[in-house]
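These notes concern the structure reproduced below.
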Amino acid sequence: MSAPIKYALLAVAIVLVGYNSVYVRKLSDVRNAEKALDFDAKAYALRFLDTTLPAHPEKAIDLPLLAQALTADPARAFSWSHAQNNGNNRFFLVKGSGKITAIDSEYAYLAVEGVPQKVKLATRYIIGTAARDGSGLISVNEFTTTMDMNTVSEELNKLIRNQVLPPFKAAAKPGETVQFTGGVELQRDAAAPDLWEITPMILVIH
Amino acid sequence: MKKLTIALLSLSLLLAGCSPGGGGQQPKKIAIVVSTLNNPWFVFLAQTAAAKAKALGYESKIFDSQNNTALESDHFENAIASGYNAILFNPTDAKGSVINVKKAKDAGIPVFCMDREIDSRDAATSQILSDSYSGCIDLGKLFVKALNKKGNYVELLGIVSDDNTWNRSKGFHSVVDNYPQLRMVAQQSADFDRNKAMEVMESILQAHPDIDGVFAGNDAMAMGAWQALTAAGLAGKVKVIGFDGAEDAINSIKEGKLTATAMQFPKTIAELAATDADEYFKGKRDFPHKLPIPVDVVSAANIDKYTAYGKKN
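These protein sequence lines are chains A and B, in that order.
The opening residue of the first sequence carries number 1 in our numbering; numbering runs sequentially from there.
The opening residue of the second sequence carries number 1001 in our numbering; numbering runs sequentially from there.
Shown next as structure tokens:
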């Protein structure tokens, strides 16, 4: 084989290897592809609040029943609780109906028949994981990372602040009756609460 | 040819009988790979895992990754080549460590993560993790109360590639960010390291001498921050909060220095991981992918109930 042909073949081989070794993609395309694979906590939280939770009313315990059980049979009461770990802090999803007795900058206070203690709905600070964990419908084993699950909690709390509370705060007045579903956090080793603080998730004013 | 085949088969059976996983007399071997032994908390974790493995009848060896993913990778290759039967693993990097766990899985070696998470649901046989997020929600509530809902504060982050760093930070901010009069004037990583935290804090204090609180992602950094604050004459004025339940932090709370920490339970985590390995050897396969372990807030109000790395008996 003559030298020019050899060099030509070598050049073709180098070009082919080079062409197949280097890929040029837009950085924005790569970032968008990575984003598409990212877990969408906001969409998950929205689906949970708007679809999953309303489809499972049986997951919510009647607040008067829970209040009574906590005094009479705490072990039974805590068997209705949930948490992502087996620690002292436990979460319940509760439901009920009560008359609004007062409203301040942080809470709406309710009188709930069958519940001797005061009941308040949080209307300003939506903190913690009661909304995520109360129903037991969200499990750590669904998620690739615990960060994803924790971001769901933050997104749920945001949705409650931005979607559930504004219409309620605009319409709620003392004397009106509100039907509620929400999360409650209790400590297993503490006495039955003398005040119920509920993170509201579904609110309907009658 | 037939004689040669029989001889080879006999030799294979003999070798299988002698191997640790072959049901012979030698005990199975467990590798304990930890992110660093430069932090007493991880030393306790590793030594507890080794003690439990021994109590269950297994040989074990501790490997120190020195917070270096490449070194961690070498440890995994050594563990696989040396015939270890299980790995109890405290990762250096949530994403970067997944490949090591997959290698072990492909080699038929179960991996049980301790304390730190890898970003995979199914590479590890199970992951036993402190519930850092929930713990930091409680710490955030305590911080808000301690600062009376207002003031300037600094956050010291751990290793930025570790999920615990962000779970702690996010849990804390999910509470504190609701209070607009609490202003974070600086947020910097000190890699969970006491000396780095001291240097970072010294540097932050140059620009922000008027701070009221420090939230550190672990106790080592909280102690480093405390040293810097002491040197600047600010100890006692500034509320410092850590996370771990390490010995020096517990002592510091007793002495009225640190305001609070979150007690992780490394004994529970390490012993559960070793027990899981034992149950795996005995045939169990249905482990939870992730098992969060609760953490407790420890402050002057309940310090009497706690000792280093756990609760008093």
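Note that CB positions come from ideal geometry on N, CA and C, so glycine has one too.
It should be emphasised that the depicted structure is a prediction, and the values quoted were computed from it without experimental measurement.
Legend entry - Bounding residues of the beta strand (DSSP E) (the contiguous stretch that carries residue 1288/B): Neither: residue 1288/B is in no beta strand (DSSP E) and is coded neither H nor E.
Legend entry - Closer than 8 angstroms at the beta carbon, the chain A residues around residue 1163/B: 145, 146 and 147
Inset, instruction - Taking C-beta pairs closer than 8 angstroms, name the residues in chain A that residue 1148/B reaches, listed in chain order. - result: Residues of chain A passing the Cβ test: none, with the nearest at roughly 15 angstroms.
Legend entry - C-beta neighbour in chain A for residue 1121/B, strict 9 angstroms: yes
Inset, instruction - Let me know the secondary structure DSSP gives residue 1116/B once reduced to three states. - result: coil
Legend entry - Of the residues 1085/B, 1148/B, 1202/B and 1249/B, the one placed nearest residue 1264/B, counting alpha carbons only: 1249/B
Inset, instruction - Look up residue 114/A in the DSSP assignment and say whether it is helix, strand or coil. - result: coil
Inset, instruction - Could you name the residues of chain A that residue 1129/B contacts, counting a contact when the two beta carbons are closer than 7 angstroms? - result: 146
Inset, instruction - Have a look at 16/A, 182/A, 97/A and 127/A and flag the residue whose alpha-carbon is nearest the alpha-carbon of residue 155/A. - result: 127/A
Inset, instruction - Could you tell me which of 1236/B, 1258/B, 1237/B and 1232/B sits nearest to residue 1244/B, measuring between CA atoms? - result: 1258/B
Inset, instruction - Compare the C-beta of residue 97/A against all C-beta atoms of chain B and say whether one is closer than 9 angstroms. - result: no
Inset, instruction - Can you give me the start and stop residues for the beta strand (DSSP E) that residue 1064/B sits inside? - result: 1059-1064
Inset, instruction - Count the other CB atoms, across all protein chains shown, that sit within 10 Å of the CB of residue 1125/B; report buried if there are 16 or more and exposed otherwise. - result: buried
Legend entry - Where the beta strand (DSSP E) through residue 1244/B begins and ends: Run containing residue 1244/B: none; DSSP gives neither H nor E here.
Inset, instruction - Would you grab the beta carbon distance between residue 1273/B and residue 1088/B for me? Rounded to a whole angstrom, and I think it's under 8 angstroms. - result: 5 angstroms
Inset, instruction - Taking residue 172/A as part of the alpha helix (DSSP H), name the residues at either end of that continuous run. - result: Segment: none, residue 172/A is in no alpha helix (DSSP H) and carries neither H nor E.
Inset, instruction - Can you pull the chain A residues whose beta carbon is under 9 angstroms from the beta carbon of residue 1091/B, in chain order? - result: The contacting residues do not exist; residue 1091/B stays about 12 angstroms from chain A at best.
Inset, instruction - Measuring only between beta-carbons, confirm whether residue 129/A sits less than 9 angstroms from chain B. - result: yes
Inset, instruction - Quick one: which residues of the segment 77-109 of chain A get their C-beta closer than 9 angstroms to a C-beta of chain B? List them in chain order. - result: 83, 84, 85, 86, 87, 88 and 89
Legend entry - Any chain A beta carbon closer than 9 angstroms to residue 1290/B: yes
Legend entry - Proximity to residue 190/A [Cα-Cα], best of 10/A, 48/A, 50/A and 70/A: 70/A
Legend entry - C-beta contact flag for residue 1231/B and residue 1143/B at 9 angstroms: no
Legend entry - Same chain, Cβ closer than 7 angstroms to residue 28/A, neighbours up to 5 away in sequence not counted: Note that residue 28/A scores a pLDDT of 48, beneath 50, so its modelled location is shaky and nothing firm can be said.
Legend entry - Closest Cα partner of residue 1209/B within the set 1246/B, 1152/B, 1227/B and 1188/B: 1152/B
Legend entry - the segment 1208-1220 of chain B: positions lying closer than 8 angstroms to chain C by Cβ: Here chain C cannot be found, since the structure's protein chains are A and B.
Legend entry - Reduced DSSP category for residue 39/A - H, G, I as helix; E, B as strand; rest coil: coil
Inset, instruction - Could you tell me which residues DSSP puts in a beta bridge with residue 90/A? - result: 186/A
Inset, instruction - Using a cut-off of 8 angstroms between C-beta atoms, extract the partners of residue 1171/B located in chain A. - result: 150
Inset, instruction - Compare the C-beta of residue 1305/B against all C-beta atoms of chain A and say whether one is closer than 9 angstroms. - result: no
Inset, instruction - Run the CB neighbour count on residue 56/A, radius 10 Å, all protein chains shown included, and call it buried at 16 or more, exposed below. - result: exposed
Legend entry - Where the segment 1103-1118 of chain B meets chain A: residues whose CB sits under 7 angstroms from a CB there: 1117
Inset, instruction - Taking only the alpha-carbon atoms, compute the straight-line gap between residue 116/A and residue 61/A and give it to the nearest angstrom. - result: 16 angstroms
Inset, instruction - Taking only the alpha-carbon atoms, compute the straight-line gap between residue 173/A and residue 108/A and give it to the nearest angstrom. - result: 9 angstroms
Legend entry - Residue span of the beta strand (DSSP E) that contains residue 76/A, given as start and end: Note, residue 76/A: premise wrong, no beta strand (DSSP E); alpha helix (DSSP H) at 74-78.
Inset, instruction - Select from 1206/B, 1157/B and 1247/B the residue whose C-alpha is nearest the C-alpha of residue 1229/B. - result: 1206/B
Legend entry - Test: residue 44/A CB closer than 9 angstroms to a CB of chain B: no
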